[in-house]
Amino acid sequence: MFGLIGHLTSLEHAKAVAQELGYPEYADQGLDFWCSAPPQTVDHIRVKSVTGQEIEGKYVESCFLPEMLATRRIKAATRKIINAMAHAQKNGIDITALGGFSSIVFENFNLSQIRQVRNITLDFNRFTTGNTHTAYIICRQVEQASKQLGINLSEATIAVCGATGDIGSAVCRWLNQRTDAKELLLIARNQERLQNLQEELGQGKILSLEEALPIADIIVWVASMPRGVDIGAIPLRQPCLLVDGGYPKNLDAKVQAPGIHVLKGGIVEHSLDIDWRIMDIVKMDVPARQLFACFAESMLLEFEKLHTNFSWGRNQITLEKMDLIGNVSLKHGFRPLLLSF
Ligand code: NDP
1 MFGLIGHLTS
11 LEHAKAVAQE
21 LGYPEYADQG
31 LDFWCSAPPQ
41 TVDHIRVKSV
51 TGQEIEGKYV
61 ESCFLPEMLA
71 TRRIKAATRK
81 IINAMAHAQK
91 NGIDITALGG
101 FSSIVFENFN
111 LSQIRQVRNI
121 TLDFNRFTTG
131 NTHTAYIICR
141 QVEQASKQLG
151 INLSEATIAV
161 CGATGDIGSA
171 VCRWLNQRTD
181 AKELLLIARN
191 QERLQNLQEE
201 LGQGKILSLE
211 EALPIADIIV
221 WVASMPRGVD
231 IGAIPLRQPC
241 LLVDGGYPKN
251 LDAKVQAPGI
261 HVLKGGIVEH
271 SLDIDWRIMD
281 IVKMDVPARQ
291 LFACFAESML
301 LEFEKLHTNF
311 SWGRNQITLE
321 KMDLIGNVSL
331 KHGFRPLLLS
341 F
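Numbering follows my numbering, with no gaps: position 297 of the sequence shown is 297.
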């Protein structure tokens with residue numbers, strides 16, 4: 001059985017969906033209430049592969065909200081993730097993806113040091129960040145959607161915002177070695193990590209957001225920002241492909257101009273309908289078929305009976321692992337979401 005640990009995008013979103021999911025007692029509550037709410041299994045899922053194989057899974061709502069990070073309620077945020085992991089393990093789930101901010105909270109606050117949650121000793125082999133599949137899908141989206149727009153990678157400048165992150169660094173490695181992209185622009189705040197990445201890649205220009213975005217033909221957005229950022233005032237090239245791989249995905253509302261094409265990054269489309277209701281709630285355009293690539297990673301690991309923490313730790317995603325997960329993604333009928341005109 002596979003599992004997905006997810007969370008909603010904001011307190012406002014949480015209030016709206018609590019009612020829909022049959023938890024009216026959550027609908028009028030403020031952040032304090034969500035800080036103390038326990039994890040809940042809110043969806044039972046069945047997925048069929050194009051090979052004919054069928055698997056079952058559960059969606060665990062951690063009750064984490066990005067406002068907990070933005071208002072420095074760190075203890076509450078970390079408790080949400082650890083409790084959701086214990087809940088998944090207690091319910092016999094073999095492999096669970098840590099979606100959205102769950103893996104970021106886990107890594108940034110060293111939660112690997114907390115193994116004991118009441119009577120459960122967490123077995124980290126049962127969890128995956130899903131970031132290898134996410135990074136693979138984002139790279140394929142860059143390659144395929146640029147073609148849709150007639151942007152030739154060999155003449156393209158690609159800016160990666162969040163370049164030093166787990167997903168961003170894997171995307172940079174792939175673009176560097178597997179494509180003939182003309183130039184990579186590396187964006188993040190910590191200069192030392194940026195320089196280390198530049199050294200590892202043997203190329204890439206370190207620039208600020210304001211310097212990089214106006215000269216990029218393709219922008220890959222994989223920064224983790226609980227508060228989000230408004231890039232509406234920065235002029236962008238036209239045409240420009242903007243692959244929005246962050247969570248929540250809201251860049252399409254912020255940059256609207258002819259010639260600027262925003263693609264939801266790290267999203268896959270399955271070839272067959274999935275029996276679930278959770279993707280309706282996170283407002284996928286085709287909820288029965290579209291999902292986050294990190295969630296799809298736990299499905300793929302279940303299909304392949306690879307019950308192991310395939311994506312774990314930080315900045316350890318190799319091209320070989322991206323190839324492996326990419327091949328099984330295709331085998332079971334997933335494909336990257338592309339632009340629709
Ligand atoms: P990491 O925490 O590993 O990396 C985050 C990156 O963002 C770092 O390079 C960080 O560098 C950079 N960053 C953070 N704040 C800023 C800022 N203000 N300006 C510029 N750069 C910034 O995160 P992950 O790689 O694990 O995840 C990246 C994003 O992808 C997250 O939003 C996550 O929620 C999302 N995600 C989406 C999925 C999907 O849609 N399928 C699946 C999994 C994750 P520095 O701190 O030095 O600035």
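Built from N, CA and C at the ideal position, the CB exists for glycine as well.
Legend entry - residue 50 Cβ short of 8 Å to the ligand GTP heavy atom set: Although the ligand GTP was asked about, the structure shown includes only the ligand NDP as ligands.
Legend entry - Cβ-Cβ distance between residue 325 and residue 173 below 9 Å: no
Inset, instruction - Leaving out five residues on either side along the sequence, give the residues of the same chain with a beta carbon under 8 Å from the beta carbon of residue 366. - result: Since the displayed the chain opens at 1 and closes at 341, residue 366 lies outside it and no answer follows.
Inset, instruction - Reducing DSSP to helix, strand and coil, say where residue 61 ends up. - result: strand
Legend entry - Top-ranked residue by Cα proximity to residue 202, from 320, 184, 100, 188: 184
Inset, instruction - Have a look at 259, 32, 43 and flag the residue whose alpha-carbon is nearest the alpha-carbon of residue 21. - result: 43
Inset, instruction - Confirm the yes/no value for this check: CB of residue 249, any heavy atom of the ligand NDP, distance under 8 Å. - result: yes
Inset, instruction - Would you mind reading off the limits of the beta strand (DSSP E) that contains residue 222? - result: Segment: none, residue 222 is in no beta strand (DSSP E) and carries neither H nor E.
Legend entry - From 74, 103, 132, 9, residue whose alpha carbon lies closest to that of residue 297: 132
Inset, instruction - Round the Cβ separation of residue 216 and residue 159 to the nearest angstrom and send it over; I've been treating them as touching at under 8 Å. - result: 4 Å
Inset, instruction - Express the C-alpha separation of residue 26 and residue 212 in angstroms, rounding to a whole number. - result: 42 Å
Inset, instruction - Can you tell me which of the three DSSP states residue 105 falls into? - result: helix
Legend entry - residue 338 in three-state terms, based on DSSP: coil
Legend entry - Length at least 4, wholly inside the region 21-82: the alpha helix (DSSP H) runs in chain order: 24-27, 31-36, 66-70
Inset, instruction - Give a yes or no on whether the minimum CB-CB distance between residue 24 and chain C is below 9 Å. - result: No chain C appears in this structure, which consists of one protein chain only.
Inset, instruction - State whether the region 119-132 contacts the region 88-100, with contact taken as three or more CB pairs (one from each stretch) at a distance under 8 Å. - result: yes
Legend entry - According to DSSP, residues forming a beta bridge with residue 3: 58, 96
Inset, instruction - Kindly indicate which residue of 84, 85, 30 has the alpha-carbon position closest to the one of residue 67. - result: 30
Inset, instruction - Answer yes or no: do residue 49 and residue 303 have a C-beta to C-beta separation smaller than 9 Å? - result: yes
Legend entry - N-terminal and C-terminal residue of the beta strand (DSSP E) that residue 261 is part of: 260-264
Inset, instruction - With a 10 Å radius around its C-beta and 16 neighbouring C-beta atoms as the bar for buried, classify residue 259 as buried or exposed. - result: exposed
Legend entry - residue 52 versus residue 273: straight-line alpha-carbon distance, rounded: 13 Å
Legend entry - Supposed close pair residue 165, residue 222 - CB separation, criterion 8 Å: 6 Å
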